[in-house]
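A short worksheet on the structure shown next.
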Amino acid sequence: MPTMLRLRHKVLDFLVLRNIRVELGLARAHTIVSGAAPISARLLSWFNALGVTVQEAYGQTETGIVTATIPGRSPIGSIGRAMRNVEAKLADDGEILIRSSSNFSGYLNQPEKTAETVVDGWVYTGDVGTMDANGDLTILDRKKDIIVTAGGKNITPSQLENELKFSPYISDAVIIGDKRKYLSVLIMIDHENVEKYAQETRSKARWNRRTAVSRRSSR
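One gets this note's numbering by counting positions in the sequence shown from 1 and adding 64 to each.
Structure, rendered in structure tokens:
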């Protein structure tokens, strides 16, 4: 990083970024480990700009932790490469398959389900993803949640939903379009932020609380 840019970043960190970290309770945090649903690349970039590294780890009850990102090496939005003694590959339909010594031996008293999940030592995770030339995996969505349009196109709704929910004016979004010619989206607005925006911009549109979308949403 050029010296001048480094100095500007230090000033920005002192005047702005540090205060944001304090408000978020991350004043002393350097790295956050996430193992839940995939985080959008935009949100990861936001945390990186804030000076907090988010390291993603991937695994399931059936496999244990099998991949993890390495700061500065793993592509933003990926879940990293397979760990030592872990093999990862994609099935023809993009499903992520894992084989390692940490894989479970099977479901208790459920031989049929076990046979569906484990084939030749490979655990079928139920997650659909991509793998780049370096072996870094990126999760697209759960296989069962993939939308297939009337034209036969596969759509990963979670990516679109995450992009929409990145907006401060949207608290939730659900993509609909399975077996349809087009996609539709149900949006739950953030009542407080939208009302605040309308007041600040002196919107001429009348804000009617009785017709506003309920704060509660049921997916």
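From the three backbone atoms N, C-alpha and C, an ideal C-beta is built for every residue, glycine too.
These numbers come from a predicted model, not from an experiment.
DSSP three-state assignment for residue i, whether helix, strand or coil
i	result
L71	helix
L247	coil
T181	helix
T265	coil
R206	strand
L224	helix
L79	helix
When the options are compared against residue i, the one with the closest alpha-carbon
i	options	result
G128	Q119, G99 and S142	G99
N218	R244, N226 and Y261	R244
G193	E176, V80, D184 and K207	K207
G136	W110, V118 and Y122	V118
N226	R106, M68, N83 and R82	R106
D284	V249, A91 and S164	Outside the displayed span of the chain (65 to 283) sits residue 284, for which this structure offers no information.
W110	L247, H255, A214 and F230	F230
Counterpart residues of residue i in DSSP-defined beta bridges
i	result
N218	V212
Y188	L161
Y122	T131
Span of the beta strand (DSSP E) around residue i
i	result
K142	Here the sequence assigns Ser to residue 142, which means Lys is not the residue at that position. S142 -> no beta strand (DSSP E), and no H or E assigned at all.
L90	No beta strand (DSSP E) holds L90; DSSP gives it neither H nor E.
CB-CB length for residue i against residue j, believed under 8 Å
i	j	result
T189	E159	7 Å
L228	I251	7 Å
G141	L108	6 Å
T131	A146	6 Å
Alpha helix (DSSP H) segment containing residue i, residue limits
i	result
R85	R82 to E87
S109	A105 to L114
CB contact below 9 Å: residue i versus chain B
i	result
P232	In the structure shown, chain B does not exist; there is a single protein chain.
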